[in-house]
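Have a look at the structure below before the remarks.
Chains as they are written, first to last, in my numbering: chain A, 3 to 581; chain B, 4 to 659.
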């Protein structure tokens, strides 16, 4: 919780002034019945006359105006403080997520990160605002009214004082009973949403297997469960209002009885009794507010905890200890020395085992192997998207950990398997590779990626908007855009992770030719499923089950590497040789 | 300090800020699709997150209903049989309001009695009497409040269940076209956000509005009864109260709209950036992204301050305006006590009334907001319900079944499939298929190859009657499928699609989805056919392992194997495989081959694949280009042609 102080501090004045202004309102509310009793006791019964009453009246009006100013001001500061707090928290949370390593990102699902940035922050903000406005007001009113009651008439106050704990206890029990039921209700709601969402996403499967009836039954069940758990929870909560009413009424009756007797015998004035009746109402309503705050705050606390979790996450990949932060990649030589790697430290099995590999600057290297053999994991170690567990990865004979992340990732361009483009025009997306590139440079690299052609075929060309309200591109087109984007970085080491799977071979061949001709100095590492994609490489690396089982040219591997041969023949007809 | 240009700022707001009338989503990731979709919403499985998803300030309502009256009527219909309970509820509300008004009115004679000229014992007796009476009235009120709430919960929950059930049912019947052109996020939002506001309205608001109005009317009446002069004074302040409330409300709604837009921008940006987080890291775009987010977040704060301020001052302003009327009634009432014989008891209760006068007005205006957003939500829900469902089958439909899958009363078919001059396009301007002719004997394997957009998946959409052909016919055993009942048709076609679609539940349940009455042994057999048995056994609980949303705990290839197992278990005579093994590597695929052959035995199979190795042994290979068949024949025949197929096969092993 200390961490949250950081977000309070800049708005400390607002945090303090807000509640103070609220207290002004509270004081006013407590004082008002007192003034009324003065009117009754002094003005009417005491006989101080009309002028006194008018003076009192004016005092009351002024008090009311002051209260309004207090309330409005309090609201203003509460809003300022809570929105400022939430804004800073939100920005910090976002910044923290930007610092996340791939491993950190894998730890949390995308959906949960999004919820934490949106829903959870909103909960905390709402709670904070409510607290600033009510947290002082309700207890303040409670205490203020109690004090007044005691001052006015000790015996009567004791009456109230006896009933309050009982009511508080009742509310406590109600809440205690209600919490777990609400939690259950929430779970049922989640279950219902899951059933619904899955149904929507899988609608084709549902329709083709003719499972509409089955799905409807599933839904009805979840629906009924939700209804029952909701009623179960609400059943308890609806005792709250009657309980408060009962307490209020009993207290009023008691006050009127005991107070009335005192007035009859003359030991208390009628005006005081009037004030007392008012205070009873105030006290009990503030009790209810307090319980409401407590009920709502549990949800906010859960949210705060989730936010905290992310903020506390240790970033496991930094360049804080990099020895050569100014070093940039010049040649593009890549080397793996005795590298071992696994994603989950608790797993026994290595994803990559004893990897030794040298890639000379400017070489074209193909990496091939079956699904899950470790190809992507291997290349992701080069730009330090993940760190090795044992051994070293070196670029230009320097351990990758000694480069600054910025320089390393500027010099190593990787086109990931999962292609993501962002909302914006095509040229905006491409310029992610180089903000400062001029249009001609962009066209040049788009051409190498064989994207220029289809881009110019669109009506708006490079200005075509992608995304909402814009064009949707096919799988192959998207891949080529992603390649062009990475090419614009002019990386010294270019890695393509199965980035042409949706591109037909003729086009792919042109891309490879483009690389060969236009990017001779770039080290090219290409992961592919198809032998035809890597057959022209300077060398091919075959990975099986996390180990390198073959390095060499196509013909060499056909002779020496069993895994390679298997892959080759699974793709080719034995009779037709590849051209 | 910021490197963001003004132009870029505007663009961010424009691009991510959503229409506040709609749900709270922003642009989603770009999905490569054959149909034009409206991206947006809350993302796929696991991306949903929490009940209700990312919501804005839920406290104040969102959106204005277009036709409140009609919507209200329709909503009331859902209360259905519980309608008889409504008068009872309102009766209770009436009683409890009367009791609290009455109880408080009783204070007047009680207090007057205390200061009257009478003997001690008389006063004491009267006091006792008064208290007992109050006690009686109060108990009635308490009991009525409890009962009214209890009944209302039942009524509102029952109505909610009905609406939910109906909405879900209607969605099931919607044609696939609707699903292909609307995002899940949008539909989900109606289920959650919109129904939630309707629920809130039904649960709390209705009785509270009634009691609020009653209290207000009752209080005014009592005020007049107590002292009409004072009442006049107070009543004059009422327009002032309404005016203030209206002004504040108007400002609040105006800034609320701006706030929602800013919120939509923030949420949309978050969704896109967090989903594409890895790309951001690869391009070292973090700094830029943080800067842009800071701009959007600060923008939200500015709009929030204004919106929430006006929302927040409603209470203090209204409450303290009534304090002013309290003061007025105290002063003027006091004067009347001195001059016009106004009794003390009356003064006490009158001041009480005037003090609490504004509360019902304030509550009513707050409730108004809830009602507005509930009605707007209800309208969105009804919008979906009113969509045209899939055309129902005419009464004279034929049911079909196969020998493997006999159904009493259905016509036996062998699975001979014919496409005759089939022409179709998803949108009128763009024809995807042009006069396609295909004939498959029962048990044959027909392969479709061709580039993206050539029409291959479209054919499967048509065979299943997800979409209807524009012209031409599709026949099964020479029966036009338009004459076959849709359920019967689809029950006899098993599909394996490229996107895996698994459900939460155990592995066993997912496989069994293909045929609900399959035995456990049959499940294992199907898994073996799909080469899935070994990896399933290696899972923590084997077949009883629970899969999280769409099988997130399995690899893509493993998910597809389950997909195949699901089709294997069904006994449908016609099988459609659309890129069924695209995520499985070629070596594993070889292992599956035997199983796939088993799968296709005795079934008429349509295969769409990029990997030509899968289609080599097809009885017929059909090469599609731009919606037309350009080559047709066996593998050997087509190779001999030295045409497009030859090019694709020798130069390539996969296709665009």
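We treat Cβ as the ideally placed atom computed from N, Cα and C, and that holds for glycine.
Beta-carbon of residue i versus every beta-carbon of chain B: anything under 8 Å?
i	result
residue 244(A)	yes
residue 6(A)	no
residue 77(A)	yes
residue 259(A)	yes
residue 408(A)	yes
residue 376(A)	no
residue 86(A)	yes
residue 92(A)	yes
residue 155(A)	no
Report the three-state DSSP secondary structure of residue i (helix, strand or coil).
i	result
residue 54(B)	Unreliable placement is indicated for residue 54(B), whose pLDDT of 26 sits below 50; the coordinate value is still reported in the next sentence. Note: residue 54(B) maps to coil in three-state DSSP.
residue 437(A)	coil
residue 415(B)	strand
residue 183(B)	helix
residue 635(B)	strand
residue 172(B)	helix
residue 427(A)	strand
residue 498(B)	strand
residue 523(A)	coil
residue 452(A)	coil
residue 2(B)	Outside the modelled stretch of chain B, which goes from 4 to 659, sits residue 2(B), for which no answer is possible.
residue 343(A)	strand
residue 568(A)	helix
residue 40(B)	Legend: pLDDT at residue 40(B) = 26, less than 50; position of this residue unreliable, value from coordinates given subsequently. Reduced to three states, the DSSP call for residue 40(B) is coil.
residue 2(A)	As displayed, chain A neither begins before 3 nor continues past 581, which places residue 2(A) out of reach and without an answer.
residue 536(B)	helix
Chain A beta carbons: is any one of them nearer than 8 Å to that of residue i?
i	result
residue 297(B)	yes
residue 334(B)	yes
residue 138(B)	yes
residue 498(B)	yes
residue 164(B)	yes
residue 156(B)	yes
residue 149(B)	yes
residue 235(B)	no
Classify residue i as buried or exposed, calling it buried when 16 or more other Cβ atoms lie within 10 Å of its own Cβ.
i	result
residue 314(A)	exposed
residue 378(B)	buried
residue 402(A)	buried
residue 163(B)	buried
residue 46(B)	Low confidence applies to residue 46(B): its pLDDT is 24, below 50, so where it sits in the model is not reliable enough to give any reading.
Just the Cα atoms here: how many angstroms apart are residue i and residue j?
i	j	result
residue 284(B)	residue 100(A)	8 Å
residue 287(B)	residue 411(A)	7 Å
residue 58(A)	residue 46(A)	12 Å
residue 11(B)	residue 298(B)	10 Å
residue 494(B)	residue 197(B)	35 Å
residue 400(A)	residue 336(A)	9 Å
residue 530(A)	residue 458(A)	28 Å
residue 255(B)	residue 237(B)	27 Å
residue 183(A)	residue 547(A)	49 Å
residue 603(B)	residue 570(B)	10 Å
residue 316(B)	residue 500(A)	59 Å
Meets three-Cβ-pair contact criterion under 8 Å: the stretch 523-539 of chain B and the stretch 560-567 of chain B: Enough Cβ pairs lie closer than 8 Å, so yes.
The stretch 383-398 of chain B contacting the stretch 184-204 of chain B, beta-carbon criterion three pairs below 8 Å: yes
At least three beta-carbon pairs within less than 8 Å, the stretch 392-400 of chain B to the stretch 483-499 of chain B: yes
Given 8 Å, three or more beta-carbon pairs between the stretch 77-97 of chain A and the stretch 350-357 of chain B: No: the two stretches stay apart, fewer than three of their Cβ pairs being nearer than 8 Å.
Contact between the stretch 559-567 of chain A and the stretch 540-550 of chain A (3+ Cβ pairs under 8 Å): yes
At least 3 beta-carbon pairs within less than 8 Å: the stretch 227-245 of chain A vs the stretch 72-84 of chain B: Because the criterion of three Cβ pairs below 8 Å is not met, the stretch 227-245 of chain A and the stretch 72-84 of chain B do not touch.
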